[in-house]
Amino acid sequence: MAKEIRAIVIAGNGTNCEREVAHACRLAGAEVVDIVHIAELLAGRVRLDDFHFLNLAGGFLDGDDLGSAKAGANRLLHARVADSEEHLADQLQRFVADGKLVMGVCNGFQLMVKMGLLPALDGNYQQQTATLTFNDGGRFEDRWTYLAVDPDSPCVYTRGLQGIYLPVRHGEGKFVPGDDALLERIESAHLVPLRYATADYQPTMTFPENPNGSVAAIAGVCDPSGRLFGLMPHPEAYVHRTHHPRWTREPELPEEGMGLWLYRNAVEFLRSEVV
Ligand SMILES: NC(=O)CC[C@H](N)C(=O)O
């Protein structure tokens, strides 16, 4: 029998979606799902090495001071684990090198981009090359979005999917690559698995279908291995039929929400290739 799949959800300093992410991991079949405060990792009481699936949840890390997730990125990159020679970043780099999975949702995606974990071209997972910044409308957006899936993306999480419907809730969701050359490289390598789209799943730059003016309608980005993935929409917020905004009027909706598909793909990948 396959060994157990162990997922960790990092919490603390302003995250607010960790319980929902943990619930989605459990529904998807992960046997162990631990919500761990960042302080436990920094104290050395919990180690990333003991897990297979790292989840960075949404929220308001450090109150979005210095820009969303920027302070959190510095903490994760530079903090030393108590009573050891190791930085937390060393554990993280080992986690990535071991072929394990990392998913960041919303504030977690902002964290991954600002740490350099995404898009991470040329094997460099420590240098920031893009950002997520203020929505073009200058306002916090809280709405449901259609997302077109790139079927040619190496992304582990979107395998077999064509389009997804998920909510966004963010003030800083506009993805901006450092330069045009980077945009060209991530597009040609199919590292944009998700784009904001119209209801018939055609990518769009038009508000409100594209809620933030994201360059090239980018809603989610993966690294070249497809194992690291970040997205602004919240898959953990649509795992049950009753999460859907029109569930009382659309009786044909399936019991499972579309967001669960991403977690199922992750667990299936881990079961077949890692654990
Ligand atoms: N829902 C979230 O994770 C919000 C992310 C971040 N605080 C923003 O507003 O952009």
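Per our numbering, residue 844 is the first one in the sequence shown, and the count goes up by one each step.
Built from N, CA and C at the ideal position, the CB exists for glycine as well.
This one's a predicted model, so the numbers in the text were calculated from it and none came from an experiment.
1) With a CB to CB cut of under 8 Å and the five nearest residues on each side skipped, what residues in its chain are close to D995?
2) Roughly how far, in whole angstroms, is the beta-carbon of G857 from the beta-carbon of F903, given that I think they are within contact range, below 8 Å?
3) Using 7 Å as the threshold, is the C-beta distance between V1082 and L1105 below it?
4) Count the CB pairs spanning the stretch 992-1010 and the stretch 967-984 that are closer than 8 Å, and state whether there are at least three.
5) Report yes if the CB atom of A900 is closer than 7 Å to the CB atom of C868, and no otherwise.
6) Does DSSP classify A867 as helix, strand or coil?
7) Using a threshold of 6 Å, is the CB atom of S911 nearer than that to any non-hydrogen atom of ligand 1?
8) Name the two residues that bound the continuous alpha helix (DSSP H) containing I881.
9) Which same chain residues end up closer than 6 Å to H1087 when comparing Cβ atoms and leaving out the 5 residues on each side of it in sequence?
10) Restricting to Cα atoms, I'd like to know which of A886, L1074 and A973 is closest to A1024.
11) Ignore the nearest five residues each way along the sequence and tell me which others in H866's own chain have a CB closer than 8 Å to its CB.
12) Between Y968 and F1072, is the Cβ-Cβ spacing less than 7 Å?
13) Terminal residues of the continuous beta strand (DSSP E) containing E984?
14) Could you have a look at I853 and say whether DSSP puts it in helix, strand or coil?
15) Whose C-beta lies closer than 6 Å to the C-beta of G966 among residues of the same chain, with five residues either side of it excluded?
16) Assess, as a yes-or-no matter, whether the stretch 1035-1043 is touched by the stretch 923-935 under the definition of 3 or more beta carbon pairs within less than 8 Å.
17) For R1114 and I848, which I take to be in contact (beta-carbon distance under 8 Å), what is that distance rounded to the nearest angstrom?
Quick look at the numbers:
1) H1033
2) 4 Å
3) no
4) no
5) no
6) helix
7) yes
8) I881 to L885
9) Correct list, in chain order: L1096.
10) A check of alpha carbon separations from A1024 across A886, L1074 and A973 identifies A973 as the nearest.
11) E1079 and V1082
12) no
13) E984 -> beta strand (DSSP E) spans E984 to V992.
14) strand
15) none
16) no
17) 6 Å
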